[in-house]
Structure formats: C-alpha cells, structure tokens
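Student: Can you keep this structure in mind? I'll have questions shortly.
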Amino acid sequence: MTFLSEPVDGPAVQTLYAADVADDGYVMNLTHLWAHDPPTNEALTSLLVHTAEVARLTPADRGVLICATAAALGDSYCALAWGGRLSRLADEATALAVLRGELDDLPQRVRTLAQWADAVVRNPAATQATDVDALRTVGFDDRQVFALTTYVALRLAFSSVNASLGATPDPQLRDDAPPAVAETVTWGRGVED
1 MTFLSEPVDG PAVQTLYAAD VADDGYVMNL THLWAHDPPT NEALTSLLVH TAEVARLTPA
61 DRGVLICATA AALGDSYCAL AWGGRLSRLA DEATALAVLR GELDDLPQRV RTLAQWADAV
121 VRNPAATQAT DVDALRTVGF DDRQVFALTT YVALRLAFSS VNASLGATPD PQLRDDAPPA
181 VAETVTWGRG VED
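In structure tokens form, the structure reads like this:
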C-alpha cells in the first residue's frame, strides 16, 4: 500500500485509523503513510482547513482546486478521491472537465479556479498579474487569493508525499467514483486490489 512499513502503533496512530473507519469504513492507504508522524498530519490538515476558510472556499471550490491540482501533477489518488466527491458536490460533467483540463464550457468561477491550480502546479513562475485579476473578477479579494494559492500549494505537498512514498489509491475510491471518472484517471499509481 506504500513503500514504508506499518507505523509504530500507539494512541495517535489508532486515533487516525479510527477516524478513517468511522468516516469511510476502512483505513486509507495514505493514512498508513501519514500515521508515521501524526503531528505532521494534524498540522497540515489544520493549515488546509484554515486556508480554505480564509479563502471562503465552498466544498465544490475545494473539489475543483484539488482535482485540477491532482490532474496537473498526475496524482491518481487525489484525482479518484476528489473526482468522485466533485461529481457529487457539483456534477459528473464538471468533475470530468476539470480532470481532463477541458474547461471552456465550465462556469467562469470553476474555470478560473481550475486554471489557477493548474498554473500553480505546472509553472508557478509563469503566472501573471492578469491571472490574479481573473481570480478577483470571480469574487476573491487579495487575502483570499493568497489563501487559496496556499491551499493549492499545500495540496501539492500532500500529493507529493503520497506519490513519492508509494501510496496507491484504495480500490474503494475507484469503486465509489463514477465509472467515467475512474476511466479518466489513467495517470499516476494504479489501484491495487
């Protein structure tokens, strides 16, 4: 499930595992990885929650940013997990369009968020003031732009740790995603049944 051994058992590890079982019915592969250092997991999660709140991101906004980040990076784990979620939060067509980078027919806010996440992941040094202006046009002030950019960067770090250390997507993520989402995610690590 990852390149690392099972973490040393203890109360913090059991808390992480119990939370997964309560939320999802199983312990996710990435949780086995992050359980090697629960305080790091907690700090990163806290920062993600904080930046999403500061940016006033809706659950669908978060789904768009995460799917676009995952697609740009080639992260199958988050693409499957959040492609399925975004299908439920918005609709399947939106999730597929963001994962495929086919943004032209999406609402302006969704398109702008997806384009920004893609730019932050692929070539952050190439962004322009006009890109930030586009975020302002869809309703984000400068503090929110900073927060949502930090959110994308944190998600990129999260995905990079997962991918680098071999976390494979859980079969449940593939099975819970709409078939078209599962068929679209052809990059990154494959699901191991």
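Taking UniProt numbering, the leading residue of the sequence shown gets 1, the next gets one more, and so forth. Glycine included, every Cβ here is placed at the ideal spot set by N, Cα and C.
#1: At least one CB of chain D closer than 7 Å to the CB of A19: is that the case?
#2: What residue from R122, V64, T2, V13 has the CA that sits closest to L73's CA?
#3: Whose C-beta lies closer than 7 Å to the C-beta of R62 among residues of the same chain, with five residues either side of it excluded?
#4: Note the first and the last residue of the continuous alpha helix (DSSP H) segment covering A126.
#5: May I have the straight-line CA-CA distance separating P7 from Y17, to the nearest angstrom?
#6: With the cut-off set at 7 Å, would you say D20 and V27 are in Cβ contact?
#7: How is the alpha helix (DSSP H) around E42 delimited, first residue to last?
#8: Using a Cβ-Cβ cut-off of 6 Å (strictly less than) and excluding sequence neighbours within five positions of L65, which residues of its own chain qualify?
#9: Select from F158, M1, L57 the residue whose C-alpha is nearest the C-alpha of R143.
#10: Whole angstroms are fine: how far does the CA of A182 sit from the CA of L30?
#11: Taking the alpha carbon of S5 as the point to measure from, which residue in A79, P11, L33 has its own alpha carbon closest?
#12: Are there 16 or more other CB atoms within 10 angstroms of the CB of G10, so buried, or fewer, so exposed?
#13: The alpha helix (DSSP H) spanning F158 covers which residue range?
#14: Roughly how many whole angstroms lie between the Cα atoms of V49 and E102?
#15: Can you grab the Cα-Cα spacing for the pair V54 / G190, in whole Å?
#16: Taking the CB atoms as reference points, tell me whether L99 and A71 lie closer together than 7 Å.
#17: Near G188, which residues of its chain fall below 6 Å by C-beta distance, leaving aside the five closest residues on each side in sequence?
#18: If I'm right that L80 touches V161 with Cβ under 8 Å, what's the distance once you round it to whole angstroms?
#19: Can you give me the C-alpha to C-alpha distance between A177 and D24, rounded to a whole angstrom?
Tutor: Taking the definition as stated:
#1: Looking at the structure shown, chain D is missing, and only one protein chain is on hand.
#2: Here the question's residue 73 lines up with position 73 in the sequence shown. Considering only alpha carbons, the answer is R122.
#3: Along the sequence shown, read from residue 1 onward, the residue named residue 62 stands at position 62. Within the same chain, R62 has close Cβ partners A52.
#4: Within the sequence shown, numbered from 1, the residue matching residue 126 stands at position 126. Per DSSP, A126 belongs to no alpha helix (DSSP H) and is neither H nor E.
#5: Taking the sequence shown and counting its residues from 1, one reaches residue 7 at position 7. Taking the sequence shown and counting its residues from 1, one reaches residue 17 at position 17. Cα to Cα, the separation comes out at about 11 Å.
#6: Here the question's residue 20 lines up with position 20 in the sequence shown. Here the question's residue 27 lines up with position 27 in the sequence shown. Yes, Cβ-Cβ distance for D20 and V27 is below 7 Å.
#7: One-based indexing of the sequence shown puts residue 42 at position 42. E42 -> alpha helix (DSSP H) spans 38 to 55.
#8: Against the sequence shown, residue 65 aligns to sequence position 65. Taken in chain order, the residues that qualify are L113, A117, V152.
#9: For the purposes of this step, residue 143 is taken as the residue at position 143 of the sequence shown. For the residues F158, M1, L57, the minimum Cα distance to R143 belongs to L57.
#10: Residue numbering aside, residue 30 sits at position 30 when the sequence shown is read from its first letter. Residue numbering aside, residue 182 sits at position 182 when the sequence shown is read from its first letter. Rounded to whole angstroms, the gap between the alpha carbons of L30 and A182 is 18 Å.
#11: Along the sequence shown, one-based indexing puts residue 5 at 5. Looking at the Cα atoms, L33 is the closest of the given residues.
#12: For this step, residue 10 is matched to residue 10 along the sequence shown. G10 comes out exposed.
#13: Locating residue 158 in the sequence shown gives position 158, counting from the first residue. Segment 142 to 164, the alpha helix (DSSP H) holding F158.
#14: Position 49 of the sequence shown, counting from 1, holds the residue named residue 49. Position 102 of the sequence shown, counting from 1, holds the residue named residue 102. One C-alpha to the other measures close to 28 Å.
#15: For the purposes of this step, residue 54 is taken as residue 54 along the sequence shown, with counting starting at 1. For the purposes of this step, residue 190 is taken as residue 190 along the sequence shown, with counting starting at 1. If you take the alpha carbons of V54 and G190, they lie about 34 Å apart.
#16: Translated into positions along the sequence shown, residue 99 becomes position 99. Translated into positions along the sequence shown, residue 71 becomes position 71. The answer is yes: Cβ separation under 7 Å.
#17: Position 188 of the sequence shown, counted from the first residue, corresponds to residue 188. Excluding sequence neighbours, G188 sits near G74, D75, S76.
#18: The residue you call residue 80 lines up with position 80 of the sequence shown. The residue you call residue 161 lines up with position 161 of the sequence shown. Going by Cβ atoms, the distance from L80 to V161 rounds to 17 Å, so no, they are not a contact pair.
#19: Here residue 177 corresponds to residue number 177 of the sequence shown, with the count starting at 1. Here residue 24 corresponds to residue number 24 of the sequence shown, with the count starting at 1. Just so you know, the alpha carbons of A177 and D24 end up roughly 14 Å apart.
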